[in-house]
Amino acid sequence: MASRRTKIELHLPDLSLNLMTDRGVFGRQGVDAGTKLLLLHGPDPAPGDTDLLDLGCGYGPIALALARRNPTATVWAVDINERARDLCRQNAEANELGNIRVAGPAEIPAAQRFDRIWSNPPIRIGKAALHELLSHWLDRLRPGGTAHLVVQKHLGSDSLHRWLDGSGLATTRRRSQSAYRLLDVCAGSGLE
Numbered sequence: 273m274a275s276r277r278t279k280i281e282l283h284l285p286d287l288s289l290n291l292m293t294d295r296g297v298f299g300r301q302g303v304d305a306g307t308k309l310l311l312l313h314g315p316d317p318a319p320g321d322t323d324l325l326d327l328g329c330g331y332g333p334i335a336l337a338l339a340r341r342n343p344t345a346t347v348w349a350v351d352i353n354e355r356a357r358d359l360c361r362q363n364a365e366a367n368e369l370g371n372i373r374v375a376g377p378a379e380i381p382a383a384q385r386f387d388r389i390w391s392n393p394p395i396r397i398g399k400a401a402l403h404e405l406l407s408h409w410l411d412r413l414r415p416g417g418t419a420h421l422v423v424q425k426h427l428g429s430d431s432l433h434r435w436l437d438g439s440g441l442a443t444t445r446r447r448s449q450s451a452y453r454l455l456d457v458c459a460g461s462g463l464e
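Convert by adding 272 to the 1-based position in the sequence shown; the result is the number in this note's numbering.
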């Protein structure tokens, strides 16, 4: 697909970012409502967090916001889409954020663990693929770590919540607003 870049802005109460998007990347017309809800009402990184993960980073709105909010942490921005990863790298550089590591899933060292994960997960890949994806990454949370997910209600947020709980991961609904739910998932003994 031919490139057709678009410049957008993300404005939050504590920060503003200029971002470049492109065709073939999720949310190319602007930061989608779910991602914005996660950035507005999800938790900020804790001061002691050293490794944060934006799972499915796209062109980087979550990763860049996390990097700006916690400049001492390393923010891992992971996506399978090469164009998205390139945009995320360029957006990090343009916004002068040097604490972001952009990578494909297979490029993350096997021993790497995360204090927190933020994600607007790719629900449309199907339930089995989504469960496999989340199982892999949630298992990489450090003890006491948490994940913060935003999921559309009509795309299975309640079903996902039940599956996470049933997998041994304590999951709570942080907020329900418009068509979205924010879920907090605590690392535990599940998903082995």
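The C-beta atom is built at its ideal place from N, Cα and C for all residues, glycine as well.
Nearest to residue i by alpha carbon, out of the options?
i: PRO333; options: ARG300, ALA459 and THR344; result: ARG300
i: GLY416; options: LEU338, GLY320, GLY306 and LYS279; result: GLY320
i: GLY328; options: LEU406, GLU365 and SER288; result: LEU406
i: ILE395; options: SER431, THR278, LEU410 and ALA378; result: SER431
i: ASP316; options: ILE389, GLN424 and SER429; result: ILE389
i: GLU404; options: GLN384, LEU436, SER429 and ARG385; result: LEU436
i: LYS279; options: SER429, ARG295, VAL350 and LYS425; result: ARG295
i: GLY398; options: ARG385, SER429, LEU369 and ASN342; result: SER429
i: PRO377; options: GLY330, LEU287, ALA366 and GLU368; result: GLY330
i: ARG277; options: HIS283, PRO285 and PHE298; result: PHE298
When the Cα atoms are used, what is the spatial distance from residue i to residue j?
i: THR307; j: LEU291; result: 14 angstroms
i: ASP456; j: THR444; result: 5 angstroms
i: MET273; j: ARG357; result: 16 angstroms
i: ARG447; j: GLY438; result: 20 angstroms
i: GLU354; j: CYS360; result: 10 angstroms
i: ALA400; j: ASP326; result: 21 angstroms
i: LEU463; j: LEU402; result: Residue placement at LEU463 is flagged as unreliable, the pLDDT there being 45, under the threshold of 50; the coordinate-derived value follows with that caveat. Whole-angstrom Cα-Cα distance: 13 angstroms.
i: SER275; j: ALA335; result: 22 angstroms
If I'm right that residue i touches residue j with Cβ under 8 angstroms, what's the distance once you round it to whole angstroms?
i: ALA375; j: TRP348; result: 7 angstroms
i: LEU454; j: HIS313; result: 6 angstroms
Do residue i and residue j have their CB atoms nearer than 8 angstroms?
i: ASN371; j: ALA339; result: yes
i: LEU289; j: ALA337; result: yes
i: ALA442; j: LEU413; result: no
i: LEU309; j: GLN449; result: yes
i: ALA419; j: LEU410; result: yes
i: ALA382; j: GLN424; result: no
List, from N- to C-terminal side, the beta strand (DSSP E) runs of 3 residues or more that fit wholly inside the segment 369-442.
Correct list: 372-375, 386-391 and 413-424.
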